[in-house]
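Chemist: Here our numbering runs 1155 ahead of the position in the sequence shown, where the first position is 1. Questions regarding the structure given below will be posed in turn.
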Amino acid sequence: MIPSVVEEGNKPFLLAKTSGNFFYFCAMETVVSGIRPTGVVHLGNYLGAIRNFVRMQDDSRYKMFTFIADYHALTTHTDAKELRSNVKSALAIYLGCGLDPDKATIYIQSHLPQIPELYLLFNMLAYKGELEKVPTFKEKVRAQEQSGKSINAGLLTYPVLMAVDIIIHRATKVPVGKDQESHLELARNFVNRFNFMFNNGETYFPEPYGFNYGEELLKVPSLDGTGKMSKSAENPNSAIYLLDEDEVIRKKIMRAVSDSGPTMPNQPKPEVIQNLFDLLDLASSAETIAYFDEQYNQCNIRYGDLKKQLAQDLIAMVSPIRKRIQDVLHDEVYLKKVAKQGAEVACESAQATLDGAKELVGLNYF
Ligand code: ADP
Ligand code: TRP
């Protein structure tokens, strides 16, 4: 069948004229994303990233690659036993969240030897100055120095490795949270530099962009009113983990920071209250959100009621995921099979990209 309209988001990559008719062939856009196996996966990781992976694997416009960034974890976490256990649980979490190895390519970063090879090439293109300016690098330097640790070179070149994770499959869309924006901007600089230096400015590597279905990239707030929900938070009560039992979720939400309530109608919401509304936006129905918004604007709001509702809606979201994670968490045979199947597909795609890049750079002699 000849599609009369090229679907939004699909770029025609070939236009053939056959006996008066134009045939459009629509390319699937390649999507890559990953998470670091550095601790227990939380609601921010789920809503900011993993939930989109699942939607994208089911969307016929996209070809989804998703992986566990174990090399990235080594920039800050070097306990081998912990790494092994975190990688396996990250894999179980992917599956529990709904990723399907028959729809998405799911793999472990270190299973692709092509990644360190392309990383080496891109380290020749990245400038020390631009890497030192990356906000996440500066934050990590602060944290490492505070805990008396030195700054390794891997931490500085973290964005190079991340760019390579993406471009190794020549991906254009990257479902991540807002905190990853600066890394993606740098990835675009690297690919443009490569294309300019080695391919006469023609696209060999396309530019990757952050993605969250038609919306801004997300920042899921922490429950203690400070910054984003994070795996490395000192206070475990500031994040909802996907493995938290229902009662734990309820307690954490009931204890989330709020204030004494608005004193004037339609008063702007202070950050800690906006955070609660942001969570409501992510978990609750439009009617629930509108109801509490109105209560707030009329100064009738009872934060206890809002939190009870929020806890109930979050439990409804997290509890089935937790159960599915627990079902596969200790099934090593299955986890190994998934990782192997993913590595095979991912290696093939990565090798094709790497071969082309090496040829452009001049690393093909005979
Ligand atoms: P963390 O920062 O908690 O260690 P990662 O760095 O491994 O988590 O992030 C994995 C993915 O989850 C990334 O796409 C990141 O942008 C996203 N993410 C992490 N925290 C949040 C958050 N609070 N809100 C939205 N997305 C987040
Ligand atoms: N830097 C990302 C994070 O901290 C993890 C990551 C590594 C990643 N490589 C990636 C995300 C490639 C998307 C694409 O969350």
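Cβ coordinates follow ideal geometry from the N, Cα and C atoms, glycine included.
1. Please determine, among G1382, V1319 and T1443, the residue with the shortest C-alpha to C-alpha distance to P1268.
2. Taking C-alpha atoms, which residue in Y1364, E1357, T1221 and P1330 lies nearest to L1341?
3. Going along the chain, which unbroken runs of the alpha helix (DSSP H) with 4 or more residues stay wholly within the segment 1360–1411?
4. Alpha carbon to alpha carbon, what distance is there between S1244 and Q1429?
5. Starting from the C-beta of A1281, find all residues in its chain whose C-beta is less than 7 angstroms away, skip the five residues before and the five after it, and write them out in chain order.
6. Since I1205 contacts Y1249 with CB under 8 angstroms, what's their CB separation in whole angstroms?
7. For the segment 1194–1213 against the segment 1373–1385, do three or more pairs of beta-carbon atoms, one drawn from each stretch, fall closer than 8 angstroms, so that the two count as touching?
8. Under DSSP, the alpha helix (DSSP H) around M1211 begins and ends at which residues?
9. I need the boundaries of the beta strand (DSSP E) containing Y1262, first residue and last residue.
10. Between G1189 and the ligand TRP, is the CB less than 7 angstroms from at least one heavy atom?
11. Let me confirm a value: P1417 is counted as buried when at least 16 other C-beta atoms fall within 10 Å, else exposed. Which label applies?
12. So, at 7 angstroms on beta carbons, what are the nonlocal neighbours of L1373 in its own chain, with the 5 sequence-adjacent residues on each side left out?
13. By the 10 Å Cβ neighbour count, where 16 or more other Cβ atoms means buried, how is Y1217 classified, buried or exposed?
14. State buried or exposed for C1252, treating a residue as buried only when at least 16 other CB atoms are found within 10 Å of its CB.
15. Pairing CB atoms from the segment 1450–1463 with CB atoms from the segment 1476–1495, are three or more of them under 8 angstroms?
16. From T1443 to F1353, what distance separates their C-alpha atoms?
17. Of all the options A1235, S1240 and R1343, which has the alpha carbon lying nearest to the alpha carbon of L1362?
18. Hey, would you say V1473 sits closer than 8 angstroms to I1404, going by beta carbons?
19. State yes or no: is the C-beta of Y1396 within less than 8 angstroms of the C-beta of H1232?
20. Please check the pair D1225 and S1265, which I expect to be a contact at CB under 8 angstroms, by giving their CB distance rounded to whole angstroms.
21. According to the Cβ coordinates, are S1439 and D1468 closer than 8 angstroms?
22. Candidates G1356, E1389, E1400 and K1328: which alpha carbon is nearest G1369's?
Modeler: Once the coordinates are examined:
1. Within the sequence shown, numbered from 1, the residue matching residue 1268 stands at position 113. Answer by Cα proximity: V1319.
2. Along the sequence shown, one-based indexing puts residue 1341 at 186. Its Cα nearest to that of L1341, the residue Y1364 stands out among Y1364, E1357, T1221 and P1330.
3. Scanning the segment 1360–1411 from its first residue to its last, the whole alpha helix (DSSP H) runs of 4-plus residues come out as 1401–1409.
4. Within the sequence shown, numbered from 1, the residue matching residue 1429 stands at position 274. Within the sequence shown, numbered from 1, the residue matching residue 1244 stands at position 89. In a straight line, the C-alpha of Q1429 is about 32 angstroms away from that of S1244.
5. In the sequence shown, counting from the first residue as 1, residue 1281 sits at position 126. Excluding residues within five positions, the ones whose Cβ falls inside 7 angstroms are T1312, V1315 and F1345.
6. Numbered from 1 along the sequence shown, position 50 holds the residue referred to as residue 1205. Numbered from 1 along the sequence shown, position 94 holds the residue referred to as residue 1249. Their Cβ separation, rounded to whole angstroms, is 7 angstroms, which keeps I1205 and Y1249 in contact under 8 angstroms.
7. yes
8. Locating residue 1211 in the sequence shown gives position 56, counting from the first residue. R1206 to Q1212 is the span of the alpha helix (DSSP H), which, as asked, contains M1211.
9. Position 107 of the sequence shown, counted from the start, is the residue given in the question as residue 1262. Residues T1260 to I1263.
10. Walking along the sequence shown from the start, residue 1189 turns up at place 34. Correct: G1189 has its Cβ closer than 7 angstroms to the ligand TRP.
11. On the sequence shown, residue 1417 is found 262 positions in, with the first residue counted as 1. Classification of P1417: buried, given that the 10 Å Cβ count is 16 or more.
12. Within the sequence shown, the letter at position 218 stands for residue 1373. Hits under 7 angstroms: L1202, G1203, G1332, K1333 and N1367.
13. Within the sequence shown, numbered from 1, the residue matching residue 1217 stands at position 62. With 16 or more other Cβ atoms within 10 Å, it is buried.
14. Start at 1 with the first residue of the sequence shown, and residue 1252 comes out as number 97. Answer is buried; the Cβ neighbour count reaches 16.
15. no
16. Here residue 1443 corresponds to residue number 288 of the sequence shown, with the count starting at 1. Here residue 1353 corresponds to residue number 198 of the sequence shown, with the count starting at 1. So the two alpha carbons sit approximately 55 angstroms from each other.
17. As a working note, residue 1362 is residue 207 in the sequence shown. Here residue 1362 turns out to be Glu, not Leu, going by the sequence shown. Scanning A1235, S1240 and R1343 for the CA closest to the CA of E1362 turns up R1343.
18. For the purposes of this step, residue 1473 is taken as the residue at position 318 of the sequence shown. For the purposes of this step, residue 1404 is taken as the residue at position 249 of the sequence shown. Closer than 8 angstroms, so yes.
19. Sequence index remark: in the sequence shown, residue 1396 carries index 241 (1-based). Sequence index remark: in the sequence shown, residue 1232 carries index 77 (1-based). No, Cβ-Cβ distance for Y1396 and H1232 is not below 8 angstroms.
20. By one-based count along the sequence shown, residue 1225 stands at place 70. By one-based count along the sequence shown, residue 1265 stands at place 110. Sure, about 5 angstroms apart at Cβ, within 8 angstroms.
21. Sequence index remark: in the sequence shown, residue 1439 carries index 284 (1-based). Sequence index remark: in the sequence shown, residue 1468 carries index 313 (1-based). A contact, by the Cβ cut-off of 8 angstroms.
22. Counted from its first residue, the sequence shown places residue 1369 at position 214. It is K1328 whose Cα lies nearest to the Cα of G1369.
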